[in-house]
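Each remark here refers to the structure printed beneath this line.
In my numbering, the protein residues as written are 3 to 386.
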C-alpha cells in the first residue's frame, strides 16, 4: 500500500480516537518510533499523519514535551478583562486594552471589564466579584503583580484564562501546584527572549549581550545557546542581582544601576566584542545609552539592538533599536486570539512572537529581506 494512503489511514484512526474521547485533551501521544512500531509503519508515514493532524489543530508538537492532544475551543461570544481598578490605566495597560478591543471588534466579541479593586490597591481586592464567573467564561488577566491573589480563585473556577506572566514565573509552581486540566494560556517574557535570540541568530549575531530578568529567562537563554551549540560567555550575561540595585529612592536606584552596569558593559564591549543587545528592562534601557556615551562605548552601526518594549514612545527619546520591538497592542490582540483558535492547547506558552517591524533610526540598520515575513504573528511554526 502506498505511503500516502497509509498515512491517511493512521491520521483518520487518531482523529476518530480524539473525537470519540478515546484520546483525551492534554494526553501525550507515544513517540513517532513507538507509533511506527505499533502500527507497523515507517517513521516517515507516521510523521506525515501527524503533520496532517497538526494542520487540523487536533494536536500540537512541542519540542521537549512531545505531541499533545488539543482541546476544543471554548464558545467565545464575550471576553471578560480583569483590571486593577477604575480610573486612569497605566500606559502599558491602555495599549493592551486597545489591542484587546480592536481584535475583539473584528470578530464580533463583546469585551467586559471587571474592576478587582476600588482604588488600585491589592490589599483592597474585592474577591466577591469573581463569584459570577463560570467555567465557560473567557477571561483575560493582562498582568502585573496584582493578579497573584486572583489566580487561585480562577483556578478553582477553572474558567478559560489567558494571562501575562510578567517575568515572575519563578513562583508559579508554588502558587498553582494543584491545578490539573485547566485550560489556560500563559504569555511569558522568557519566550519573548527566546524569539529575540533566534531573530538575532538569523541576522548572524553570535555575541549577544543579555540582561537577566528571572530564573526562567536565564534557563531559556542557556537552552537557546545549547540549541545553537554556542559556548556560554559570562562576559555577555548580566545577572539579576538584588533587582539591579532596587531601592525606594528613584535617584539612588538610578545611581545604583549605573554603578552596577559599568563593569559589565566594559567587559562586554572591550573584551567580549558584543555584536548585539537584547533590551528587556525599562530601567536598563533608559540608562544604557547614556552610559555607552559616557564610557565612550559608542555602539557600532553594525550592532543589532532588539527591544522588548517601545522605549521611544515611553520616554520621548529616540532609542537606536534595529528591526523589531515588543508591541503591547499586539499582545492585547494575541490575548483575544487565544480563544479563537479552533483547538486550544492548555498550560503551554502562547507561541506568538509579539514583535512588530520598526523602521530603525540608525543608518544601515534594518531587516534583511524575508525576516519580517518569517517572524510575523501568523507564522509561528518556524519559531518553535
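Don't be surprised by glycine CBs; every beta carbon is placed ideally from N, CA and C.
Please read all numbers here as calculations on a predicted model, not as lab measurements.
When the Cα atoms are used, residue 271 and residue 111 turn out to be separated by approximately 50 Å. Here residue 91 is actually not in contact with residue 117; their C-beta atoms are around 11 Å apart, not less than 8 Å. Scanning its chain for C-beta atoms nearer than 7 Å, with the 5 sequence neighbours on each side dropped, one finds around residue 137 the residues 159, 160, 161, in chain order. By the neighbour-count criterion, in which a residue is buried when 16 or more other Cβ atoms sit within 10 angstroms of its Cβ, residue 8 is buried.
With a cut-off of 8 Å on Cβ pairs, the stretch 263-278 is in contact with the stretch 196-214, counting three or more such pairs. Considering only 31, 335, 64, the residue with the shortest C-alpha distance to residue 48 is 31. Around the beta carbon of residue 239, a 10 Å sphere encloses 16 or more other beta carbons of the protein chains shown; the residue is thus reported as buried. Every unbroken stretch of the beta strand (DSSP E) spanning 3 or more residues and falling wholly within the stretch 47-117 is given here in chain order: 61-64, 68-71, 80-85, 112-117. DSSP links residue 210 through a beta bridge to 278.
With 16 or more other Cβ atoms inside 10 Å of its own Cβ, residue 215 counts as buried. For residue 41, the enclosing alpha helix (DSSP H) has its first and last residue at 34-41. Beta-bridge partners assigned by DSSP to residue 308: 280. Rounded to the nearest angstrom, the Cβ distance from residue 195 to residue 165 is 18 Å, too far for a contact under 8 Å. For the set 14, 306, 94, the Cα lying nearest the Cα of residue 206 is the one of 306.
In the three-state DSSP reduction, residue 341 falls in the coil class, being neither helix nor strand. Across the structure, residue 87 and residue 123 are spaced so that their CA atoms are roughly 8 Å apart. 9 Å or more divides the Cβ of residue 64 from the Cβ of residue 52. Judged by DSSP in its simplified three-state form, residue 331 adopts helix. Nearest to residue 292 by C-alpha distance, out of 264, 77, 308, 37, is 264. Residue 36 and residue 89 have their C-alpha atoms roughly 57 Å apart. Under the three-state reduction of DSSP output, residue 221 falls in the helix class. In this structure, residue 269 lies away from residue 217, with their beta-carbon atoms at least 9 Å apart. By the 16-neighbour rule on beta-carbons within 10 angstroms, residue 134 is exposed. In the DSSP assignment, residue 215 falls outside any alpha helix (DSSP H) and carries neither an H nor an E.
Looking at the DSSP output, residue 239 bridges to 212.
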